[in-house]
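To start, the structure under review is shown below, and the notes come after it.
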Amino acid sequence: MACWLYVIDRENWEIVKKERVLGVPPRNKKTIQRVKPGDQVVVYIKQEITKEGVMGPDVGGVFKVASEPYRETKRVFRRVTLPYRVKLEPVVVPERPKDFKPLIRKLEFIKRKKRWSGYLAGRMIREIPEGDCKKIVEYLKK
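My numbering puts the first residue of the sequence shown at 18, with every later residue one more than the last.
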């Protein structure tokens with residue numbers, strides 16, 4: 018089983034949660050083709066400035082991949098076209114997203130803790146160590 022970190026904005030997080038689908042653009046096609054049923058996906062919600070103030074960064078939840086990757090042209094996501102998709106089943110999805118920052122010092126894939134945001138920028142989906150996935154699941158269950 019592999020574990021994947023999926024980076025998305027708050028508006029599209031609501032769609033992922035409701036529709037139970039993850040989508041990526043064509044530039045991430047090769048990466049999503051490596052995603053297999055049974056793998057886990059951690060949904061990271063980017064920090065955003067909203068009317069309410071600064072929100073995030075947060076962890077929305079952890080899901081299990083429930084399908085092989087497929088291409089779908091039906092528009093589901095807001096403001097972006099994400100045609101390469103997998104279906105998801107919830108593993109642990111708290112009622113509200115939880116603050117990501119307490120996890121930084123615990124996660125192996127973040128090597129430089131003071132410059133942690135660079136590990137989450139630039140790629141919409143990336144593989145992370147299975148141990149990190151377990152730590153995130155435990156954190157979300159608290």
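Here a beta-carbon is modelled for each residue, glycine too, at the ideal position from N, C-alpha and C. Quick caveat: nothing in here was measured; it's all calculated off a predicted structure.
On the DSSP letters alone, give me the boundaries of the alpha helix (DSSP H) that residue i sits inside.
| i | result |
| --- | --- |
| arginine 27 | 27 to 36 |
| isoleucine 49 | 46 to 49 |
Over the uninterrupted beta strand (DSSP E) stretch that includes residue i, give me the two end residues.
| i | result |
| --- | --- |
| aspartate 75 | 75 to 82 |
Grouping DSSP H, G and I as helix and E and B as strand, with all else coil, what is residue i?
| i | result |
| --- | --- |
| isoleucine 153 | helix |
| glutamate 144 | strand |
| isoleucine 127 | coil |
| threonine 90 | coil |
| arginine 96 | coil |
| lysine 158 | helix |
Determine which residues share a DSSP beta bridge with residue i and list them.
| i | result |
| --- | --- |
| aspartate 116 | Asp75 |
| proline 107 | Phe80 |
| glycine 40 | Arg102 |
| isoleucine 66 | Val71 |
| tyrosine 61 | Val24, Val76 |
How would you label residue i, buried or exposed, when you count the other beta carbons within 10 angstroms and need 16 or more for buried?
| i | result |
| --- | --- |
| glycine 55 | exposed |
| valine 71 | exposed |
| tyrosine 87 | exposed |
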